[in-house]
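S.K.:
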Amino acid sequence: MRIVVLVSGTGSNLQAVIDAVAAGDLPVEIAAVGADRPGTPGIERSAAAGLETFVVDFKDFPARADWDAALLSAVAAYEPDYVVSSGFMRIVAADFINAFPGRYVNTHPALLPSFPGAHGVRDALAYGVKVTGCTVHFADAGVDTGPIIAQAPVAVLDEDTEATLHERIKVAERELLIKVLGDLARA
Ligand code: GAR
4 MRIVVLVSGT GSNLQAVIDA VAAGDLPVEI AAVGADRPGT PGIERSAAAG LETFVVDFKD
64 FPARADWDAA LLSAVAAYEP DYVVSSGFMR IVAADFINAF PGRYVNTHPA LLPSFPGAHG
124 VRDALAYGVK VTGCTVHFAD AGVDTGPIIA QAPVAVLDED TEATLHERIK VAERELLIKV
184 LGDLARA
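Just so we're aligned, residue 4 is where the sequence shown starts under the numbering used here, counting upward by one.
1. Hey, would you say V134 sits closer than 8 Å to P156, going by beta carbons?
2. Taking the straight line between their C-alpha atoms, what separation do you get for D39 and P150?
3. Have a look at the DSSP bridge pairing and note the partners of A1.
4. Note the first and the last residue of the continuous beta strand (DSSP E) segment covering I152.
5. Tell me whether T43 sits in a helix, a strand or coil according to DSSP, three-state version.
6. Return the chain-ordered list of same chain residues with a C-beta closer than 6 Å to the C-beta of I21, the five sequence neighbours on each side being excluded.
7. What is the C-beta distance between M92 and S15, in whole angstroms, given that I count them as a contact (C-beta under 8 Å)?
8. Which residue marks the beginning of the alpha helix (DSSP H) containing T167, and which one marks its end?
9. With distances taken Cα to Cα, identify the nearest neighbour of A144 among D60, A66, A166, D71.
10. Any idea if G105 is buried or exposed, counting beta-carbon neighbours within 10 angstroms, 16 or more meaning buried?
11. Is it right to say Y85 is buried, meaning 16 or more other beta carbons lie within 10 angstroms of its own, or is it exposed?
12. Select from Y107, Y130, V108 the residue whose C-alpha is nearest the C-alpha of F118.
13. Go to Y130, then tell me how far its beta strand (DSSP E) extends in each direction, as first and last residue.
14. Nearest CA to the CA of G123: which residue from F61, H169, D28?
15. Within 7 Å: the Cβ of N101 and any heavy atom of ligand 1?
16. Nearest-angstrom Cα distance between A251 and F103?
17. Please tell me whether, using a cut-off of 7 Å, the distance from the CB of H111 to the nearest non-hydrogen atom of ligand 2 is below it.
18. Indicate, with yes or no, if ligand 1 has a heavy atom lying under 7 Å from the CB of A50.
19. Going by beta carbon distance, what residues of the same chain come within less than 6 Å of A23, once the five residues before and after it are set aside?
Have a look at this one:
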């Protein structure tokens with residue numbers, strides 16, 4: 004199973020996928036890692052691991068539709084079986100979803116449909132939920148919407164900050180993402 008992974012930032016979940024592949028625990032080929040901005044740690048990690056990388060810089064495209072088309076053609080060139088949004092903080096266009104129907108996988112640090120968006124951890128904490136978690140789902144053209152594949156709960160502690168809670172969620176998220184990718188690869 005060939006995957007292209009899209010990142011916007013740290014890429015720590017991506018690193019867990021890279022490590023699982025390298026350890027022989029995940030029967031997946033990471034064809035390339037792409038980002039929507041230059042200089043992200045996610046791209047640096049990938050290059051350090053010897054993976055192909057590409058950047059489709061959002062700022063290089065005055066018209067949103069042109070960025071959409073450039074992203075689609077950059078990803079499609081690798082002919083992936085699945086595309087994984089791992090902390091990719093952009094909503095893709097309908098054309099992108101249609102190019103990879105049921106094959107665009109996103110992870111989110113909350114129990115969807117609760118707390119979608121860029122601040123899922125902060126919003127859950129602010130609401131005062133006692134249990135949150137993470138979701139891996141097939142993404143559509145909405146904000147963290149689309150059929151849920153798997154979820155894992157994470158308890159919120161009284162002393163949690165956004166950072167401590169997000170770090171615990173990411174531990175669960177990495178395990179869940181690797182399990183889902185393994186299941187897809189073996190299906
Ligand atoms: C992850 O928690 C991921 O779920 C989240 O960004 C983080 C990326 O961490 N994505 C979203 O919030 C999407 N709405 P990482 O860059 O360290 O892997």
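Idealized CB from N, CA, C, for every residue including glycine.
M.R.: In short:
1. yes
2. 24 Å
3. Nothing in the structure corresponds to residue 1, since the chain is present only between 4 and 190.
4. 151-158
5. coil
6. A52
7. No, M92 and S15 are not in contact; Cβ-Cβ is about 14 Å, not under 8 Å.
8. 165-189
9. D71
10. exposed
11. buried
12. Y130
13. Looking at the DSSP string, Y130 is not in any beta strand (DSSP E); the run it does join, the alpha helix (DSSP H), is 123-130.
14. H169
15. no
16. No answer is possible for residue 251: it lies beyond the span of the chain, which begins at 4 and ends at 190.
17. What this structure holds is ligand 1, not ligand 2.
18. no
19. L29, I181
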